[in-house]
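In what follows, a structure is listed as structure tokens, so that the remarks can point back to it.
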Amino acid sequence: MARSARSKKRKRSKQRVKAIAEEPFNEEPVGPLVEKYWLQRYSLFSRYDEGIKMDEEGWFSVTPENIAMNHAQRCGGGSVIDGFTGVGGNAIQFARMCYHVVAIDIDPRKVQLAYNNAKVYGVEDYIDFVIGDFFKLATSLKGDAVFLSPPWGGPAYRTVENFTLDLLKPKDGYSIFQVAQKITPNIIMFLPRNVDLQQVEELSWLSSPPLNIEIEESYVHCNLKGTTAYFGGTALGKPDVS
Ligand code: ADP
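Heads up: the sequence shown begins at 14 in my numbering, then just goes up one per residue.
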């Protein structure tokens, strides 16, 4: 596509996101399933009371703030692509620490919520919000790091003893990782706490030569909330921004 056509398309997409973001919200009432998460609202967003908005799926899937801050410390500046941004918990912390974020979600409602939440933190201008399918967009994206917190399948992930990578949605973890690798080897994946660690380690072998990998347990207070896998430069604390 010619550069001017691409820039027109980008402008139209930005205008669409802005228009959607400014539509009035129909706030969902907090149902009994969400109540447990609502009680933890300040560990999800410390500025919750300043106007944070969520939907039911957002309550289950947003990365707690202290964990999102740890993830952001690893990106070391540059640009980050957040492939499944949800209500924006990670994108916000990346924007606070890095230079630029591309935040993608297939659901326009999620992008609306993420934009609102980024505004609460005053970082909306550092994030390009994109409504779209990460798999379709990936080949046209450039970034110094990619962050992936793909759907774990809701709270039911806890019911399996060993969460294998094929349980990730909308595609298995190997496919998601391979798509991200086309952008950069500097990949951070936030995965369930019961994820099959051997399979996560196998991901580093998908690249030749194999990528550096570091696996971290991610806690809020003393509660294990997930597993973070850092690949490539992010495993060393700083992506190779060359
Ligand atoms: P969980 O199962 O962990 O609760 P979610 O179902 O909330 O996770 O999924 C995380 C986010 O990923 C959601 O906001 C969802 O809209 C988004 N998502 C799902 N598929 C895609 C896709 N192909 N491209 C971009 N975003 C997607």
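Note that the Cβ used here is the ideal one computed from N, Cα and C, for glycine as well.
- Residue side-chain check: K123 places its Cβ nearer than 7 angstroms to a non-hydrogen atom of ligand 1.
- With contacts defined as CB atoms closer than 8 angstroms, I228 and V213 qualify as a contacting pair.
- In this structure, I196 has its beta carbon at no less than 7 angstroms from each heavy atom of ligand 1.
- Looking at the DSSP output, A158 shares a beta bridge with V93.
- Taking all protein chains shown into account, T98 has 16 or more neighbouring C-beta atoms within 10 Å of its C-beta and is therefore buried.
- Under the 10 Å beta carbon count, D157 is surrounded by 16 or more other beta carbons and is classified as buried.
- In its chain, beyond the 5 residues on either side, G96, V192, A193, K195 and I196 have a beta carbon closer than 8 angstroms to the beta carbon of A151.
- Remark: C-beta atoms of V143 and I117 approach each other more closely than 8 angstroms.
- V114 is the residue among S188, V114 and S217 whose C-alpha sits nearest the C-alpha of G89.
- Cβ-Cβ separation between F107 and A85: approximately 5 angstroms, consistent with a contact (criterion under 8 angstroms).
- For the pair P163 and K149, the Cα-to-Cα distance works out to about 15 angstroms.
- With a minimum length of 3 residues, the unbroken runs of beta strand (DSSP E) contained wholly in the stretch 63-115 fall at 92-95.
- For S231, no alpha helix (DSSP H) encloses it; the enclosing beta strand (DSSP E) starts and ends at I226 to V233.
- Per the C-alpha coordinates, the member of P37, A131, D209 and I65 positioned closest to E230 is D209.
- Taking the Cβ of G167 as the reference point, at least one heavy atom of ligand 1 falls within a distance shorter than 7 angstroms.
- T172 counts as exposed, since fewer than 16 other C-beta atoms from the protein chains shown sit within 10 angstroms of its C-beta.
- By the neighbour-count criterion, in which 16 or more other beta carbons inside 10 Å mark a residue as buried, K21 falls on the exposed side.
- Under the three-state reduction of DSSP output, Y134 falls in the coil class, being neither helix nor strand.
- Taking all protein chains shown into account, C235 has fewer than 16 neighbouring C-beta atoms within 10 Å of its C-beta and is therefore exposed.
- The beta carbon of M202 is closer than 6 angstroms to those of L161 and A242 in its chain, skipping five residues each way along the sequence.
- Between S217 and F244, the gap from beta carbon to beta carbon is short of 8 angstroms.
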